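Below is one structure, written out as structure tokens, with a few remarks after it.
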Amino acid sequence: MKGKLESSERERLVEEGKNLKESLVTLEEDLVKLKDELQHVAQSIPNMTHPDVPVGGEDSSAIRKEVGCPREFNFPIKDHLQLGKDLDLIDFDSAAEVSGSKFFYLKNEAVLLEMALLNWTLSQVMKKGYTPLTTPEIVRSSIVEKCGFQPRGDNTQVYSIDGTDQCLIGTAEIPLGGIHMDSILLESALPLKYIAFSHCFRTEAGAAGAATKGLYRVHQFSKAEMFVICRPEDSEFFHHELIQIEEDLFTSLGLHFKTLDMATADLGAPAYRKFDIEAWMPGFGRFGEISSASNCTDYQSRRLGIRYRPSEPLQTGPKKGKANLPATKFVHTLNATACAVPRMMVCLLENYQQEDGSVVIPEPLRPFMGGIELIKPKLK
Amino acid sequence: MSLHKLRLAAAVPVTISTFSSRLFLKPFPNTLTLGLFSRRLQPRKPLLVRAFSASAAVQDIPATQTSESSVARPQWKASIDFKWIRDNKEAVEINIKNRNSNANLDAVLELYENMLNLQKEVERLREERNNVAKKMKGKLESSERERLVEEGKNLKESLVTLEEDLVKLKDELQHVAQSIPNMTHPDVPVGGEDSSAIRKEVGCPREFNFPIKDHLQLGKDLDLIDFDSAAEVSGSKFFYLKNEAVLLEMALLNWTLSQVMKKGYTPLTTPEIVRSSIVEKCGFQPRGDNTQVYSIDGTDQCLIGTAEIPLGGIHMDSILLESALPLKYIAFSHCFRTEAGAAGAATKGLYRVHQFSKAEMFVICRPEDSEFFHHELIQIEEDLFTSLGLHFKTLDMATADLGAPAYRKFDIEAWMPGFGRFGEISSASNCTDYQSRRLGIRYRPSEPLQTGPKKGKANLPATKFVHTLNATACAVPRMMVCLLENYQQEDGSVVIPEPLRPFMGGIELIKPKLK
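See below:
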């Protein structure tokens, strides 16, 4: 239409232009909707799975390692609830009035034990080059979703704050993932290794049955969480570093546990591979999960927008992005529980109880508790 | 004659209803200014702000309601001593004025009188109904019997109406009376902020011979505090602590715990999600426009703004033995505050945040001991802050700055060189029986009463309400502001005060990191 035209030709072109414009607008709208739909359904495709992961349900999970053996008791043992009552360490009853079920107060030596566990864990993990952090416990719900959790929905684990788009975190993994979201990191900055303390809040909606007793399943608890951001080629290495750290921690505390390579049906959507550690809980008479270490590869980073720019310029192939800069890639993220206080407390109380009703404090924790070696029954 | 009486009885409820709705329509003063009032306090907003519970009475009441739908049945009732209020009304009125409270004493007194009268009327009618019932047991002529049956029915109907009215009246009375603030210790200065008295001053401002940084700059330069990432993840006034700051927080809490335990305080950790009724019973305001309280979606639960709340709740609706008192707790928790309505310069960095760690002391004791424990608590706080080498002053807060529950409140303000002014780092309140009357915490004295009537169970002395006190042992972000700003050095490092070093693996200095 920029050229010289006869008026009838011009009119025809104007008409054609208008029609094209209208069609375009409609098609572009359709394209946007289609992309949204595509995104919506595609986002529910779970991460790929490591080839060594056993295929199947719970019973298919493979035991990678077993440490220690169940302690033999020559006296009738108590579960942690009974020990908690007898030693005046845990109060569920008052909390039920004040807050509801699955809430509790820790008292006396149990408070010192929680602090010792967290302090000791921090000092051990820092030695491996992890940076200590404390995190917000209220986050925007979009961050929760980007990490692969489900803030809304019937059986959501997530507490929402009234009148806002904010939620309470169920794990420090969430605010940790959020730190570097929508960022491009330098390759030289990787790996980033964090150990973060936070309180965690979970609705435990839909959790029923025997696995809810006492401290085993609660709405609020303290946890130390490890989080790694690394290059894709390094995530397998760090997955093994994380599980090694966990196994060392629990071995030092004298626990009897097994490390499981979780089967495909037990992986959360973000996890490429997941190692769970289950420790022997004599009061329950069974093993209970005390930690979980997941390699999420690029599942979370694709949602959180965490990329890195490789240091070496590419030798071959087209250079995309800014002139002479290699293209950015998505990082891999991993997370692992260093210490989930209530579950650890179940293990320590139940495993270290004595016939006279006292509980021995494992040696590594004593310096972090002012030297206390024993939790003794109190005189009444 | 009985018909005449009936007519009178029928007339009474109408009068009462009209009367109470008239009271209802009586404009509550300062409804609109309440928000402004709490904002006026903002520039020196205490760490433990309570919106005056007067707003509970004021904001919920629509102006044009009749008594029928005026007040929702309350979930709980404070045990208010109405008789005492009536017998001491001058003192109560002066106290309300001194505190700039919106409580309406006249309404309370009027409702109380009406309630008493209505109660008498109800009792009278009950007695009459009993008489009628008695008469009907004897031998009567059928016309007489019919008349008595009729009379009985009328009495019953009137009674039902009156009893309903009595319930409503009691609810109304309760509702307005609950906003009456606690009485005030005679030594408390009367007036606003500027009237608070300095009880003690420790140390003096450090003199710097180099340009100093505020805690935000130190936090950035030493890679200790990250507000920027938190703003993306959570919103403003949230933060991550990093590196030595994490160790410093843990050292502060560990050290504080060990110091306070030596004074006989029992360590606790508490739930941080509580039922909203507990929040109210402690004198806070979960709902309302400028509420400090986060509520959980789809439940009647809230996040705590201080461990004082779950601590008050531990022994609620209980009768303690006198021998169990005093109960002394030191509790750690995270605290969550909306800080709605907080504006101005006093919001920078760690000074005002939505989430923080705090160690809180809580005492439950006999009434005669609360003054002693108030002094014990403030002494503990002063010793802690002196040990850390802080320069601070202890203030006896003036009447207009007391929250509704506090009989007396001591605040400690420490020198924050980065701000160039003092900032509140702790608050110690003696709430006497204000909270215990709402939480239902009583004790049974050990000694049987020598004289006077014995009430309650046979031979047991009557229960009394305990007194409760609360005091901040360590509010981590405020302490961090003080330590970072006061202990900074010219080379950009920060010295760790000696008492904290053993709790931080011996670290003496936070040094700038190599980049």
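Protein chains in written order, with this note's numbering: chain A, 1460 to 1839; chain B, -15 to 499. Even glycine gets a Cβ: it sits at the ideal position worked out from N, Cα and C. Just so you know, these numbers come straight off a predicted model, no measurement behind them.
What is the C-beta distance between residue i and residue j, in whole angstroms, given that I count them as a contact (C-beta under 8 Å)?
{"i": "B:T253", "j": "A:L1565", "result": "4 Å"}
{"i": "A:L1577", "j": "A:A1738", "result": "That belief does not hold up - the Cβ atoms of A:L1577 and A:A1738 are roughly 18 Å apart, past 8 Å."}
{"i": "A:A1722", "j": "A:S1753", "result": "Contact doesn't hold; Cβ gap of about 14 Å is too wide."}
{"i": "A:C1689", "j": "A:H1539", "result": "A:C1689 to A:H1539, Cβ: 37 Å. No contact."}
{"i": "B:G187", "j": "B:F376", "result": "7 Å"}
{"i": "B:K497", "j": "B:D273", "result": "Their Cβ separation, rounded to whole angstroms, is 45 Å, which puts B:K497 and B:D273 out of contact at 8 Å."}
{"i": "A:V1526", "j": "A:T1710", "result": "5 Å"}
{"i": "B:N454", "j": "B:M345", "result": "7 Å"}
{"i": "B:T337", "j": "A:R1599", "result": "For the sequence presented, residue 337 of chain B should be read as Val rather than Thr. In fact, because the Cβ distance is near 17 Å, the residues do not count as touching under 8 Å."}
{"i": "B:L109", "j": "B:L146", "result": "7 Å"}
Using CA coordinates, which residue listed in the options is at the minimum distance from residue i?
{"i": "B:K448", "options": "B:L143, B:C349 and B:I491", "result": "B:C349"}
{"i": "B:S410", "options": "B:V230, B:S430, B:L368 and B:I293", "result": "B:L368"}
{"i": "B:P445", "options": "B:P483, B:F222, B:S430 and B:V230", "result": "B:S430"}
{"i": "A:E1692", "options": "A:T1594, A:P1769, A:K1717 and A:S1600", "result": "A:P1769"}
{"i": "B:W68", "options": "B:L93, B:N86, B:D155 and B:A181", "result": "B:L93"}
{"i": "A:G1629", "options": "A:D1621, A:F1746, A:Q1616 and A:I1638", "result": "A:Q1616"}
{"i": "A:R1802", "options": "A:F1743, A:R1825 and A:S1760", "result": "A:F1743"}
{"i": "A:K1835", "options": "A:S1482, A:V1819 and A:R1825", "result": "A:V1819"}
{"i": "B:K247", "options": "B:K154, B:E360 and B:D198", "result": "B:E360"}
{"i": "A:Y1767", "options": "A:E1700, A:Y1811, A:S1642 and A:S1817", "result": "A:S1642"}
{"i": "A:G1588", "options": "B:N72, B:L453 and B:N227", "result": "B:N227"}
{"i": "B:N115", "options": "B:S127, B:K140 and B:K73", "result": "B:K140"}
{"i": "B:A457", "options": "B:K204, B:A62, B:S213 and B:T240", "result": "B:T240"}
{"i": "A:Q1609", "options": "A:S1503, A:L1838, A:M1828 and A:L1497", "result": "A:S1503"}
{"i": "A:T1787", "options": "A:E1706, A:D1707 and A:R1761", "result": "A:R1761"}
{"i": "A:T1594", "options": "A:F1562, A:P1634 and A:D1613", "result": "A:P1634"}
{"i": "B:A161", "options": "B:L89, B:E408 and B:A291", "result": "B:L89"}
Please work out which residues of its chain come closer than 8 Å, Cβ to Cβ, to residue i, disregarding the five sequence neighbours upstream and downstream, and give them in chain order.
{"i": "B:L309", "result": "I348, C349, R350, D353, Y427 and V450"}
{"i": "A:L1719", "result": "S1520, A1521, I1522, R1523, F1734, D1735, I1736 and E1737"}
{"i": "B:V460", "result": "E233, L236, L237, F340, S341 and K342"}
{"i": "B:T168", "result": "N79, N82, R83, T383, L386, Y391 and R392"}
{"i": "B:L100", "result": "none"}
{"i": "A:A1554", "result": "F1562, F1563 and Y1564"}
{"i": "A:Q1498", "result": "none"}
So, for residue i: in the same chain, excluding its five sequence neighbours on each side, which residues have a beta-carbon less than 7 Å away from its beta-carbon?
{"i": "A:S1661", "result": "The sequence shown places Arg at residue 1661 of chain A, rather than the Ser named in the question. So the list reads Q1616, G1629 and H1678, once near-sequence residues are dropped."}
{"i": "A:C1806", "result": "L1714, A1738, M1740 and I1749"}
{"i": "A:N1506", "result": "A1728, P1729, A1730, Y1731, C1755, T1756 and Y1758"}
{"i": "A:L1479", "result": "none"}
{"i": "B:Q103", "result": "L150"}
Whose C-beta lies closer than 6 Å to the C-beta of residue i among residues of the same chain, with five residues either side of it excluded?
{"i": "A:V1687", "result": "P1650, K1652, F1697 and L1793"}
{"i": "B:G296", "result": "C266, Q419 and L423"}
{"i": "B:T250", "result": "Y313"}
{"i": "B:S126", "result": "none"}
{"i": "B:L304", "result": "Y427"}
{"i": "B:L(-8)", "result": "For B:L(-8), the predicted structure reports a pLDDT of 35, less than 50, and the residue's modelled location is therefore unreliable. A value from the coordinates is still provided. Nothing listed; no residue qualifies."}
{"i": "A:P1513", "result": "S1519, A1521 and A1722"}
{"i": "B:E516", "result": "There is simply no residue 516 of chain B to check, as chain B begins at -15 and stops at 499 in what is shown."}
| said: At a CB distance below 7 Å, what residues from the stretch 1544 to 1558 of chain A approach chain B? Give them in sequence order. | reply: S1553, A1554, E1556, V1557 and S1558
| Which residues, in order along the stretch 59 to 82 of chain B, keep a beta-carbon less than 9 Å from a beta-carbon of chain A? | Within the stretch 59 to 82 of chain B, no residue qualifies.
| Contact residues within the stretch 132 to 155 of chain B, judged by C-beta distance below 9 Å to chain A | none
| field | Complete runs of the alpha helix (DSSP H) confined to the stretch 1561 to 1586 of chain A [at least 4 residues] | value | Those alpha helix (DSSP H) runs which fall completely within the stretch 1561 to 1586 of chain A and span 4+ residues are 1568 to 1585.
| query | Unbroken beta strand (DSSP E) runs of length 3 or more, entirely within the stretch 389 to 436 of chain B: which are they? | reply | 392 to 400, 405 to 414 and 425 to 428
| query | Name the residues in the stretch 211 to 232 of chain B whose C-beta lies less than 9 Å from a C-beta of chain A; which are they? | reply | S213, A214, E216, V217, S218, G219, F222, F223, Y224, L225, K226, N227, E228, A229, V230 and L231
| said: Ignoring anything shorter than 4 residues, give me the alpha helix (DSSP H) runs that lie fully in the stretch 1601 to 1632 of chain A, in order along the chain. | reply: none
| Residues, ordered as in the chain, of the stretch 346 to 376 of chain B that lie near chain A by beta-carbon distance below 8 Å | none
| query | What residues from the stretch 1557 to 1579 of chain A come within 9 Å of chain B, judged by C-beta to C-beta, listed N to C? | reply | V1557, S1558, G1559, F1562, F1563, Y1564, L1565, K1566, N1567, E1568, A1569, V1570, L1571, E1573, M1574, L1577 and N1578
| field | Any alpha helix (DSSP H) of 4 or more consecutive residues that is wholly inside the stretch 1722 to 1797 of chain A | value | 1758 to 1763
| request: Could you list the residues in the stretch 1483 to 1503 of chain A with a C-beta less than 9 Å from some C-beta on chain B, going in chain order? | output: Cβ contacts with chain B: none found.
| task | Name, going along the chain, the residues of the stretch 235 to 259 of chain B whose beta-carbon falls closer than 8 Å to a beta-carbon of chain A. | result | L237, N238, L241, S242, T250, P251, L252, T253, T254, P255, E256, I257, V258 and R259
| message | Residues of the stretch 1588 to 1603 of chain A in Cβ contact with chain B at a cutoff of 9 Å, in chain order, please. | response | T1590, P1591, L1592, T1593, T1594, P1595, E1596, I1597, V1598, R1599 and I1602
| query | Which runs of the beta strand (DSSP E), 3 residues or longer, sit entirely within the stretch 1636 to 1680 of chain A? | reply | 1642 to 1645 and 1651 to 1660
| said: Along the stretch 1815 to 1838 of chain A, where does the CB come closer than 9 Å to a CB of chain B? Name the residues. | reply: F1827 and G1829
| Residues of the stretch 169 to 190 of chain B whose Cβ lies closer than 7 Å to any Cβ of chain A, in chain order | none
| Curious, which full-length beta strand (DSSP E) runs of at least 3 residues does the stretch 442 to 476 of chain B contain? | Correct list: 451 to 459.
| said: Using a Cβ-Cβ cutoff of 8 Å, what residues of the stretch 294 to 310 of chain B are near chain A? List them in chain order. | reply: P294, G297, I298, H299, M300 and D301
| task | Report the residues of the stretch 476 to 497 of chain B with a CB closer than 8 Å to any CB of chain A, ordered along the chain. | result | G489
| query | Between the stretch 260 to 281 of chain B and chain A, which residues of the former have CB atoms less than 9 Å from a CB of the latter, in chain order? | reply | Among the residues of the stretch 260 to 281 of chain B, those with a Cβ less than 9 Å away from any Cβ of chain A are I262, Y278, S279, I280 and D281, in the order of the chain.
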